[in-house]
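Quick note on our numbering: the sequence shown kicks off at 3 and runs consecutively. Here's the structure, in structure tokens; my notes come after.
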Amino acid sequence: MLPAKSGAGGLPATEPAVAFAAGSGYELEQVERSSRLDLPVAPELLDRLESEAAAGAGGYIITGWDDTCPEDLVRAYAVLKARMSTDVPIAGMDWEGEDWDAARVREEEQTMARGGVQSAVTAALHSATGELVAYTVLNWRPGVPASIAQQDTLVTAKHRGRRLGTLIKVANLRRAQGRWPSARSVLTWNASENQHMLAINIALGFRPAGYEGEWQKRLG
């Protein structure tokens, strides 16, 4: 195995793509695990996970939307999407933060709509401040009706440790199953060192489906 330089895990050193990248001067910085969840998820499991998580998540309101973020939340949503580019595990990647504002959120929504991509979003609001502190996104396309893609999931640092990740993922799975009944699986990716999010996914029933490498070559 070729171990990740700064993250966790590794990839088979003799696999052709791995050997090519390593031989071309790229360094394996991070390994991401692909996981698949069979649908539908048993309601009893979702109920149990929600009940357990809610016990530690007092003071938050779970909300959500389909395709288009409500106008009163779009600016706060843009802030979270900017944090998504810097607050997730990036190992030793030279990764620059992204700039997001309400206009970019609307542009992304319009682009996905033109491409036929539908979205289900669940978010958490901090009751005391009204601050948007967590969100998760699932995407579905009519052209691939049996598959749902898990996109962003983020809980801001100040509000971690309160089971919000589980709460929003459970709620969004319910939303997705109700909206896209033809779907038979959800596919997601997580950095191998992101043990907290992996634990949530494992509890939901996700199983390993593959691995991919994040490579970087420093020049000069």
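Idealized CB from N, CA, C, for every residue including glycine.
Around the C-beta of residue i, are 16 or more other C-beta atoms found within 10 angstroms, so that it is buried, or is it exposed?
i	result
SER121	buried
ARG38	buried
THR1	Because the chain spans 3 through 222 in this model, residue 1 falls outside it and cannot be assessed.
LYS83	buried
VAL146	exposed
ARG176	buried
GLU34	buried
ALA59	buried
ALA226	One cannot answer for residue 226 here, as it falls past the ends of the chain, which runs 3 to 222.
GLY9	buried
Spatial neighbours of residue i within its chain, please: C-beta separation below 8 Å, excluding the five flanking residues on both sides.
i	result
MET70	Residue identity check: residue 70 is Thr in the sequence provided, not Met. So the list reads GLU111, once near-sequence residues are dropped.
VAL76	ALA104, VAL107 and ARG108
ALA148	SER184, ALA185, ARG186 and SER187
Output the distance between the C-alpha atoms of residue i and residue j, rounded to the nearest integer angstrom.
i	j	result
VAL135	THR16	43 Å
VAL81	TRP102	7 Å
LYS219	GLY27	6 Å
LYS160	ASN196	17 Å
LEU41	ALA21	36 Å
ALA44	TRP217	38 Å
ALA115	ASP68	11 Å
CB-CB under 7 Å to residue i, same chain, minus the five flanking residues each way: which ones, in chain order?
i	result
ARG209	SER37 and ARG38
LYS171	THR138, THR155, ILE202 and LEU206
GLN52	With the sequence shown as reference, residue 52 is identified as Glu, and Gln is not the correct amino acid for it. Counting only Cβ-Cβ distances below 7 Å, and skipping sequence neighbours, we find LEU169 and VAL172.
Between the Cα of residue i and the Cα atoms of the options, which residue gives the shortest distance?
i	options	result
ALA55	ALA211, ALA80, LEU169 and GLY94	LEU169
ASN192	ALA151, ASN174 and ALA173	ALA151
HIS128	ALA23, GLN197 and ILE63	ILE63
MET3	GLY222, GLY215 and TRP142	GLY215
ALA282	GLU29, GLY117, PHE22 and ALA23	The question about residue 282 has no answer, for the chain in this structure spans 3 to 222.
Beta-carbon within less than 6 Å of residue i's beta-carbon, same chain only, minus the 5 sequence neighbours each way: which residues are those?
i	result
SER87	GLY99 and GLU100
LEU48	VAL172
ALA78	LEU134
Original post:
Unbroken alpha helix (DSSP H) runs of length 4 or more, entirely within the stretch 134 to 182: which are they?
Top reply: Qualifying alpha helix (DSSP H) stretches, in chain order: 166 to 181.
Original post:
Could you give the uninterrupted runs of the beta strand (DSSP E) lying entirely in the stretch 60 to 89, keeping only those of 3 residues or more?
Top reply: Those beta strand (DSSP E) runs which fall completely within the stretch 60 to 89 and span 3+ residues are 62 to 68.
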